[in-house]
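Protein chains: 2
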Amino acid sequence: MKAFFFDIFGTLVDWRSSIISGLKNLDIFNNRLSELELFVINWRKEYQPILNKVNDNSIGWKILDELHEVTLETVLNRMNFSNVTNEEKKYLILLWHKLNPWSDSCKAIKQLNEKYITASLSNGNITLQKNLFKYANLNFDFIFSAEHFKKYKPNKIVYRGAVEMLNLKIDQCVLVASHKNDLHAAANFGMKTIYINRAQEYGSFKNEFKEKTFKADLEISSLNNILNDIKKLKN
Amino acid sequence: MKAFFFDIFGTLVDWRSSIISGLKNLDIFNNRLSELELFVINWRKEYQPILNKVNDNSIGWKILDELHEVTLETVLNRMNFSNVTNEEKKYLILLWHKLNPWSDSCKAIKQLNEKYITASLSNGNITLQKNLFKYANLNFDFIFSAEHFKKYKPNKIVYRGAVEMLNLKIDQCVLVASHKNDLHAAANFGMKTIYINRAQEYGSFKNEFKEKTFKADLEISSLNNILNDIKKLKN
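Protein sequence lines correspond, in order, to chains Z and G.
Heads up, the first sequence stops at 235 in the numbering used here, and the numbers go up one at a time, no gaps.
Heads up, the second sequence stops at 470 in the numbering used here, and the numbers go up one at a time, no gaps.
Laid out in structure tokens, this is it:
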């Protein structure tokens, strides 16, 4: 293996609890605190469907920040949040730029960085990732984004584009992700795969996010022993 | 401005003195210490001509490490160094992966990183840059290499490729370099330019490396006040 590519949302950062924390700062949520988790989950549920619309050209290319704007509108309407100002909407969208890493993420990236090429491979736009990595103290050699390739994962163009940019052979590249549809697409393209089970990603709504059935080359439940764990991957 | 691209060799690292130091570890140079600087300068003189050959398709694509192998052979022969083992040649080529930064380089990149996107834009291949940045403690958001685009600077494909990868407008991008031919090509493409005068880059052989006549948008002699200096660039 030469390079490790990382999915970000869910895999390295805990979007659910981070966004919930951020929501508490807005007056509009004050008397509806019991609905915060549901709000975030509903917002997240709009994510893959709208990415699919971009990928199948039902709508034109938009970066993730712009898609978050569209899906935020949908979920605010559906849950009957009214009188949300444009400033508040902007604040909500930018919450995705400040997400806390899981406790094992930063150290693992740092360790891998010593011996391997590390890169993000995320649907987050470039500026979002730049802000997020500074906030979360995640340091990669390369940032790769759907924005580079104008398609969203799991479209194969994204995986191929990133591997080509590094001039590597596909089987020298590993994708680490907490989502099996992402890993499945990477494996179809020829990459090695590591599934990390982030049991808390969806909180109490886990069952509402169905996973593809897929067996990754390596399946782990934390990144604490990543340098040892990757020895189980064939060269 | 949104992004600062940096040339590396000469601009941020002192290849001349670093390579000279490294040469002293090899027995073959022991009784020819007075020729060390000349050796390095001669090696460097082979650099642009062989890049040009790649760019005009006289020879096929090779990464910089491979070109260094070819030019090393040339300079060893010309200076009558004999009995150099393959192991020693490999050591010499890898000296380019371990170059010391100028004293102002690391801090400047760190400062710019806080507010802007930073990226390398170098003819060094990806692995070379990865090793070099780890050695020199230089941390960019993005590593861009001629290797990504299969052409060498000053071919415009390299500048265009890097700007496109970041989805930025050309005039939001600044190239910082100690070589006017590099800056001239970037300016022709529409980038903003900062020339940094590295007076010691070529040591006592300065006059043998002719510079294009070109006036950059900003000309400075150190990166010590970079955050203030860039205010003189128009937005």
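Ideal placement from N, C-alpha and C gives every residue a C-beta, glycine not left out.
Beta bridge pairing from DSSP links G:Glu436 with no other residue. Under the three-state reduction of DSSP output, G:Phe239 falls in the strand class. In the structure shown, the three-state DSSP call for Z:Ser222 is coil. In this structure, the alpha-carbon of G:Leu401 lies about 27 Å from that of G:Asn459. Between G:His383 and Z:Gln129, the alpha-carbon positions lie close to 21 Å from each other.
Under DSSP, the beta-bridge partners assigned to Z:Tyr195 are Z:Ala177, Z:Glu219.
Using a 10 angstroms sphere on the CB of G:Lys441, the tally of other CB atoms stays under 16, which defines it as exposed.
Leaving aside the five residues that flank G:Ser457 on each side, the residues in its chain whose CB is nearer than 7 Å to its CB run, in chain order, Asp339.
In summary, G:Ile294 is exposed, with fewer than 16 beta-carbon neighbours lying within 10 Å of its beta-carbon over all protein chains present. Contacts with chain Z (Cβ-Cβ distance below 7 Å) from the segment 316–350 of chain G involve no residue at all.
G:Lys365 reaches chain Z at Ile117, Asp141, counting residues in chain order whose Cβ is nearer than 8 Å. CA-CA distance, G:Asn335 to G:Leu373, rounds to 10 Å. By a beta-carbon distance limit of 8 Å, G:Phe274 does not contact G:Ser355. Their separation comes to about 27 Å. DSSP places G:Ile392 inside the alpha helix (DSSP H), whose first and last residues are 391–400.
Distance from the CA of Z:Leu92 to the CA of Z:Asp65, rounded to the nearest whole angstrom, comes to 10 Å. For Z:His68, the nearest beta carbon of chain G is not closer than 8 Å to its own beta carbon. Contact between Z:Asn123 and Z:Leu51 holds: their C-beta atoms lie close to 6 Å from each other, under 8 Å. Closest in alpha carbon position to G:Tyr351, among G:Asn366, G:Phe377, G:Phe449, G:Glu446, is G:Phe377.
Contact between G:Tyr387 and G:Phe424 does not hold, since their C-beta atoms are separated by about 15 Å, which reaches or exceeds 8 Å. Excluding five sequence positions before and after Z:Leu23, the CB atoms of its chain that fall closer than 6 Å to its own CB belong to Phe29, Leu36, given in chain order. Interface annotation, Z:Met165: in contact with chain G, CB-CB separation under 8 Å.
G:Thr246 sits in coil when the DSSP states are folded into three classes, being neither helix nor strand. At a cut-off of 8 Å between beta carbons, G:Glu270 makes no contact with chain Z.
Shown here is that no member of the segment 8–34 of chain Z has a Cβ falling below 7 Å from a Cβ of chain G. DSSP, read as helix, strand or coil, puts G:Leu334 in coil. Counting only the Cα atoms, Z:Arg16 lies some 8 Å from Z:Gly203. Shown here, Z:Ile143 sits in a strand according to DSSP, grouped into three states.
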